[in-house]
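Enquirer: First residue of the sequence shown: 16, per the working numbering; consecutive thereafter.
Glycine included, C-beta positions come from ideal geometry on N, C-alpha and C.
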Amino acid sequence: MSRAEKRVKLELDRIVFIGGTFEEHLDLFSLTAGILKGKKILDCPAGACSFTAVGIQHGIDVTECDIAYYHDQEDLKMKGYQDVDHSMIHREKAKDNYGWNYFKTIEELRENRLRAVNDCTNDMKE
């Protein structure tokens, strides 16, 4: 069996409600909060991302939307927690397929995904 054939794919059996943190988004696009101030930003689909919640705290004019937001905030929070757990179990099986340069471990990734779910859903309460 070749090396490529031995690779385990990340396969999820459902749509997951997870997202990244504000800091991840800035890093991903080589941005700073200062660059974004004074601009109108639409985060769509936003998912369980903390970009809007934390961006607003930094004085950024950002609006989020996602079809998932039709559902109740508490339901989304619980789904987010379940989906982070679900996706990390599957990520563990396929961890050798990823470069762990940004997040060093699956646990660090899990913590950041949970922080994003919390920031996102707590912001929905306000």
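Please work out which residues of its chain come closer than 8 Å, Cβ to Cβ, to GLY112, disregarding the five sequence neighbours upstream and downstream, and give them in chain order.
Expert: Start at 1 with the first residue of the sequence shown, and residue 112 comes out as number 97. Contrary to the premise, residue 112 reads as Asn rather than Gly in this sequence. So the qualifying residues of the chain are ARG22, VAL23, LYS24 and LEU25.
Enquirer: Quick test of your reading: THR136 and LEU91, contact by CB under 8 Å. State the CB separation rounded to the nearest angstrom.
Expert: Reading the sequence shown from its first residue, position 121 is the one you call residue 136. Reading the sequence shown from its first residue, position 76 is the one you call residue 91. Going by Cβ atoms, the distance from THR136 to LEU91 rounds to 6 Å, so yes, they are a contact pair.
Enquirer: Short check: CB of ASP138 to CB of ALA68, under 7 Å?
Expert: For the purposes of this step, residue 138 is identified with residue 123 of the sequence shown, where counting begins at 1. For the purposes of this step, residue 68 is identified with residue 53 of the sequence shown, where counting begins at 1. Yes, these two residues count as a Cβ contact at 7 Å.
Enquirer: Look up ASP58 in the DSSP assignment and give the residues it is bridged to.
Expert: Looking up residue 58 in the sequence shown gives position 43. DSSP, once it has assigned bridges, lists GLU79 as partnering ASP58.
Enquirer: Whose C-alpha, out of ASP100, GLN72 and ILE82, is nearest the C-alpha of LEU51?
Expert: Your numbering for residue 51 matches position 36 in the sequence shown. LEU51 has its Cα closest to that of GLN72, out of ASP100, GLN72 and ILE82.
Enquirer: On the criterion of 16 or more Cβ atoms from any shown chain inside 10 Å, does HIS40 qualify as buried, or is it exposed?
Expert: Within the sequence shown, numbered from 1, the residue matching residue 40 stands at position 25. HIS40 comes out buried.
Enquirer: In three-state terms, what does DSSP make of ASP100?
Expert: In the sequence shown, residue 100 corresponds to position 85, counting from 1. The answer is helix: DSSP assigns ASP100 an H, G or I state.
Enquirer: Looking only at its chain, what residues have a beta carbon closer than 7 Å to the beta carbon of PHE32, apart from the 5 residues adjacent to it on each side?
Expert: By 1-based counting over the sequence shown, the position of residue 32 is 17. Hits under 7 Å: GLY62, ALA63, ALA83, LEU91, LYS94, GLY95 and ASP98.
Enquirer: When you compare the CB positions of LEU57 and THR36, do they come within less than 7 Å of one another, or not?
Expert: The sequence position of residue 57 within the sequence shown is 42, counting from 1. The sequence position of residue 36 within the sequence shown is 21, counting from 1. No, Cβ-Cβ distance for LEU57 and THR36 is not below 7 Å.
Enquirer: Does the Cβ of ASP87 have 16 or more other Cβ atoms within 10 Å, making it buried, or fewer, making it exposed?
Expert: For the purposes of this step, residue 87 is identified with residue 72 of the sequence shown, where counting begins at 1. With fewer than 16 other Cβ atoms within 10 Å, it is exposed.
Enquirer: From TYR117, ASP76, GLU38 and GLU123, pick the residue whose C-alpha is nearest to that of MET103; which is it?
Expert: Within the sequence shown, residue 103 is the residue found at index 88, counting from 1. Considering only alpha carbons, the answer is GLU123.
Enquirer: Throw me the rounded Cβ distance for the GLY53 and ALA131 pair, which I believe falls under 8 Å.
Expert: One-based indexing of the sequence shown puts residue 53 at position 38. One-based indexing of the sequence shown puts residue 131 at position 116. Their Cβ separation, rounded to whole angstroms, is 25 Å, which puts GLY53 and ALA131 out of contact at 8 Å.
Enquirer: Taking only the alpha-carbon atoms, compute the straight-line gap between PHE118 and TYR85 and give it to the nearest angstrom.
Expert: Within the sequence shown, residue 118 is the residue found at index 103, counting from 1. Within the sequence shown, residue 85 is the residue found at index 70, counting from 1. Looking at the two C-alpha atoms, the distance is approximately 31 Å.
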